[in-house]
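Engineer: Right, I'll just put the structure down here and ask away after.
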Amino acid sequence: MELKNGSLKKTQEKCTYCGQCLEVCPRYNDHELIEKLCKYLEGNSDIDSGSLLRCLTCGLCTCACLEGLGIKPLISPARQKWINENGLTDIQTIVDPNAQNNIFKKIAEMSEIPMYKNSLGSVVYFPGCAGTYINTSMAKAAVALLEKAGVDYTVLSGIEYCCGTVSAGAGNPSSIHKNGQQNIKEVRKREAKILITACPGGFKAFKDIYPRMFGQLDFQVMQVSKYLELLLRNGKLSPETTLNHRIFYHDPCHLTRGMRVYQEARNVLEKIQGTELANKTPKNSACCGFEG
Ligand code: SF4
Ligand code: SF4
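At the far end of the sequence shown sits residue 547, using my numbering, and the numbering has no gaps.
This is the structure:
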C-alpha cells in the first residue's frame, strides 16, 4: 500500500520521540503510539482498531511538531490499511454517503431539510452535508447573503453531493473517488465560474483533493468568508447594524490548520460596526471535537 506523503518513512527518519505532539493532543496520551503505528504500517504488528478511531484529525499534533510530523499523518494510512484488511465497520459507514446507515440520511428522515434553488448559476454554493443537514442556519445565512448581494447563484445540497472527505478521513476513500468526479460534473453542468463552500471539508475537497485526483478544475474555488469579503469590498454587501459585541471567532481545525484560511472571516467580522475581535489570530485555537 502506498502511504500518503511517505508519512511512515518521514516519521522513521525524523521523529525524535520527544512527545510534543502528545502534549497538545486532545485524544491520546500513549507515549508508544507513534512506534505502534509505525510497526503496524510496516506490517510487523497488529493494532487495536478502537485506538485508531480516537483521532479527531484536528492537526494539532502536526502543528506542535518541529519536524511537521505528528500522529495524524500516520493515522490516516493506518485506518485505510485496517479497512483493507478487516472491512468497513458501522463507525465508518455512518459517514459513507452510499451506505444505508449514513447519519445524514437518518437526519433527513427525521427532520425537515431546507430546500434551495437548483438551477444554472455563475456561482455554485456548496453547503456540504454538515450545512445541509446539521448546521442548517449556516447554509441559510450564506444563501440569504447571496440573495441580498444579487449574486447569480445556485445551490448543490444533499447527500448525493457529499464531498467524501469525512468518509476518507475515517479510512474509506471510495466516496471521494466516486462523488468527486460527479460533483465536478454537476458544477460544470450549472455553467458556474465560481464554487463557494462554507464547510472546511468541502473546501479541502474542491480546492486541494479533487484537483490532485482529477486534474485542474475550470472554475474558481473559494471559501465563503473570502467571497463575502469580496462582496463587501465591491460594495455588493454592507453591514447595516451596529453590534457592540466582543467576538470570539472559532477557527475550524480543517480550515485553519488544514487549509491555512483564518484571516478572511476575521476581516468580514471587523467590517461590522461595533465588533471587536477577542482573538486576532488562530494561536491556541482548540478542536471542537465534531469531526471525530
Ligand atoms: S512526531 Fe514530532 S512531536 Fe511527535 S514525537 Fe515525533 S518529533 Fe516529537
Ligand atoms: S489529529 Fe488531533 S486528535 Fe488526532 S492525533 Fe493529532 S492532535 Fe490528536
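Idealized CB from N, CA, C, for every residue including glycine. From a predicted model like this one, the values you see are computed outputs, not experimental measurements.
Over what stretch of residues does the beta strand (DSSP E) that includes PHE381 continue unbroken?
Structural biologist: Per DSSP, PHE381 belongs to the beta strand (DSSP E) from 378 to 381.
Engineer: Can you name, in chain order, every residue of its own chain whose Cβ lies under 8 Å from the Cβ of GLY544, other than the five neighbours on each side?
Structural biologist: PRO281 and LEU311, listed in sequence order.
Engineer: Compare the C-alpha of HIS358 against each of MET370, ILE389 and VAL379 and name the closest.
Structural biologist: Going by the sequence as given, residue 358 is Ile instead of His. Minimum Cα distance to ILE358 is reached at ILE389.
Engineer: For CYS454, collect the residues of the same chain with a Cβ closer than 7 Å to its Cβ; drop the 5 residues on either side in sequence, then sort them by chain order.
Structural biologist: For CYS454, where only same-chain residues beyond five positions count, the Cβ hits under 7 Å are PRO382, GLY383, ALA385 and GLY386.
Engineer: With distance defined between alpha-carbon atoms, name the residue in ARG443, ASN373 and LEU485 nearest to LEU472.
Structural biologist: For the residues ARG443, ASN373 and LEU485, the minimum Cα distance to LEU472 belongs to ARG443.
Engineer: Determine the burial state of ARG488: buried for a count of at least 16 other Cβ atoms within 10 Å of its Cβ, exposed for fewer.
Structural biologist: Exposed: under 16 other Cβ atoms inside 10 Å.
Engineer: So the beta strand (DSSP E) HIS500 belongs to, where does it begin and stop?
Structural biologist: HIS500 -> beta strand (DSSP E) spans 500 to 502.
Engineer: Taking Cβ positions, are GLY435 and ILE464 nearer each other than 9 Å?
Structural biologist: Result yes, Cβ atoms of GLY435 and ILE464 sit closer than 9 Å.
Engineer: Does DSSP classify GLU531 as helix, strand or coil?
Structural biologist: Three-state result, GLU531: strand.
Engineer: Buried or exposed for ASP301, going by 16 or more other Cβ atoms inside 10 Å?
Structural biologist: Under this definition ASP301 is an exposed residue.
Engineer: If you count every other CB in all the chains shown that lies within 10 Å of the CB of ILE451, and 16 or more means buried, which is it?
Structural biologist: It is buried - the Cβ of ILE451 has at least 16 other Cβ atoms within 10 Å.
Engineer: Quick check: VAL406 and LEU486, are their CB atoms within less than 9 Å of each other?
Structural biologist: The answer is yes: Cβ separation under 9 Å.
Engineer: I want to check one thing, is the minimum distance from the CB of GLU402 to the heavy atoms of ligand 1 below 8 Å?
Structural biologist: Flag unset: Cβ of GLU402 not near ligand 1.
Engineer: How many Å lie between ARG501 and LEU532 at the Cα?
Structural biologist: The alpha-carbon atoms of ARG501 and LEU532 are separated by roughly 6 Å.
Engineer: Would you call the segment 352 to 367 and the segment 275 to 294 in contact, with 3 or more CB pairs under 8 Å?
Structural biologist: No: fewer than three Cβ pairs fall under 8 Å.
Engineer: Within the present structure, is the beta-carbon of LYS448 separated from the nearest heavy atom of ligand 2 by less than 8 Å?
Structural biologist: LYS448 Cβ: outside cutoff for every heavy atom of ligand 2.
Engineer: Compute the Euclidean distance between the alpha carbons of GLU367 and ALA394, then round it to the nearest angstrom.
Structural biologist: Between GLU367 and ALA394, the C-alpha separation is close to 14 Å.
Engineer: What is the DSSP secondary structure of LEU472, counted as helix, strand or coil?
Structural biologist: Here LEU472 sits in coil by DSSP.
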